[in-house]
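A short write-up of the structure that comes next.
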Amino acid sequence: MRMSEAVEGYLSHLADVRRLSPATVRAYRSDLADLARASGDPDVRDLDIEDLREWQWDATTAGLSKATAARRTSAVKGFLAWAREEGVIDSDPSGRLVAPKRGRTLPAVATAAALEGVLAAAEAEAKDGDPVALRDHALLELLYGTGARVSEICGLDVDDIDDDRRTLRLHGKGDKERVVPYGSPAARALDAYLVRGRPALAGRGGGAGAAVFLGARGGRLGPRTVHALVSRVVAPVVGAESLGPHALRHSAATHLLDGGADLRSVQEILGHASLGTTQIYTHVSAERLREAYRLAHPRA
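Here the sequence shown stands for residues 120 to 419, where the numbers follow my numbering.
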């Protein structure tokens, strides 16, 4: 079986059986298609360790990041493990393939004081009752107040809100659901938007359906609009040109840990499958402590 043909079977397995996110499946498709091109789309049984190492070396010389190179290695290891389980190959040549070690990059985090100013400004803009301003205020409060991913907030439906308990039902990666709490500032902003902002936006057409957050034309809000909003109102205050909505998620996690939340609780709020993913925020908190010490202690 040609590699390109086998790859399609593997990608269907990832999407339909393992239920990985479309973004992950697309990334693996790109990685494995690149390997198929580089090796001349051979029969999968003819792939050997030298083919894989040469492909890995090409990624290094092309200047790809360690994280990308590691993902490529993970993609081919997963593919060949699946091929062996399915009886497509008799032995897996990727067993001796070593992934490059990833350097840990600390995520961009805004201070609580900076975000307080951003949210106060958004609240002031929303006081005039402009539906887009009401929406933007509620968006920012929920992104920071719940640590949700942009895709989860954009995919939020009205039935996912429990205003009595102040919780949201979020649909995360791999169709996994989780329930997260939000605070009273977010509750006030969300209520104002649902009562005064959303009906006005829905009236513009666009087939809003059950979507909570709507665009200017009345359809479900897309991630690009959220990215543009954060770039416009958050990045200048924080002082980071490329700060995106994910930084609000990073900030929420870090501030939870700074405030005494335990790591497991933060893991559940963020929807991380592995506690190891959440642990990077302990490093962020430690870095902030070191910086405060360096600036404030006379013997630093």
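Note that CB positions come from ideal geometry on N, CA and C, so glycine has one too.
Since we're looking at a predicted model, the values are computed, not measured.
When the options are compared against residue i, the one with the closest alpha-carbon
i      : options                        : result
Arg156 : Thr143, Ser193, Val136, Asp170 : Asp170
Ala354 : Pro342, Thr344, Leu367         : Leu367
Gly379 : Gly338, Ser158, Ser393, Thr401 : Thr401
Ala327 : Arg288, Arg284, Asp276         : Asp276
Leu216 : Ala189, Arg137, Asp209         : Ala189
Ala146 : Gln398, Asp381, Ala186, Asp247 : Ala186
Gly214 : Gln386, Ser184, Arg172         : Arg172
Gly341 : Arg148, Glu271, Ser184         : Glu271
Arg138 : Lys292, Ala241, Val385         : Lys292
Val91  : Tyr129, Gln386, Thr179, Asp279 : Residue 91 is absent from the model: the chain starts at 120 and stops at 419.
Val299 : Asp209, Ala372, Ser158         : Ala372
Ala392 : Pro417, Phe332, Arg413, Asp294 : Asp294
Glu127 : Arg148, Ser184, Arg191         : Arg148
Cys273 : Ala321, Asp249, Asp310, Gly334 : Gly334
Supposed contact pair residue j and residue i - C-beta distance, whole angstroms, cut 8 Å
i      : j      : result
Ala152 : Val144 : In fact, because the Cβ distance is near 12 Å, the residues do not count as touching under 8 Å.
Val269 : Val345 : 5 Å
Asp162 : Arg121 : 6 Å
Ala194 : Ala125 : Not really, about 13 Å apart at Cβ, beyond 8 Å.
Arg297 : Gly182 : Contact doesn't hold; Cβ gap of about 37 Å is too wide.
Ala330 : Arg339 : 4 Å
Ala306 : Asp282 : 7 Å
Pro212 : Leu287 : About 46 Å separates the two Cβ atoms, so there is no contact after all.
Ala240 : Asp255 : Not quite, the Cβ-Cβ distance comes to about 10 Å (not below 8 Å), so this is no contact.
Residues that DSSP places opposite residue i in a beta bridge
i      : result
Pro364 : DSSP output for Pro364 lists no bridge partner at all.
His290 : Glu296
Arg121 : Asp162
Ile280 : Leu287
Leu309 : Leu309 pairs with nothing; no bridge assigned.
Ala371 : Paired residue(s): none; Ala371 is not in a bridge.
Ala189 : DSSP lists no partner for Ala189.
Leu333 : Arg339
Check whether residue i and residue j have beta carbons under 7 Å apart
i      : j      : result
Ala308 : Ala243 : no
Val352 : Val237 : yes
Glu260 : Pro304 : yes
Tyr301 : Leu253 : no
Ile388 : Gly266 : yes
Arg315 : Gly337 : no
Ala231 : His374 : yes
Trp174 : Leu199 : no
Asp160 : Ser123 : yes
Pro364 : Leu234 : no
Val396 : Leu382 : Per the sequence shown, residue 396 should be read as Thr rather than Val. Not a contact, by the Cβ cut-off of 7 Å.
Leu376 : Gln386 : no
- Considering only residues of the stretch 242 to 278, which uninterrupted beta strand (DSSP E) runs meet the minimum length of 3 residues and lie entirely inside it, listed in chain order? Counting only runs of 3 or more, we get nothing.
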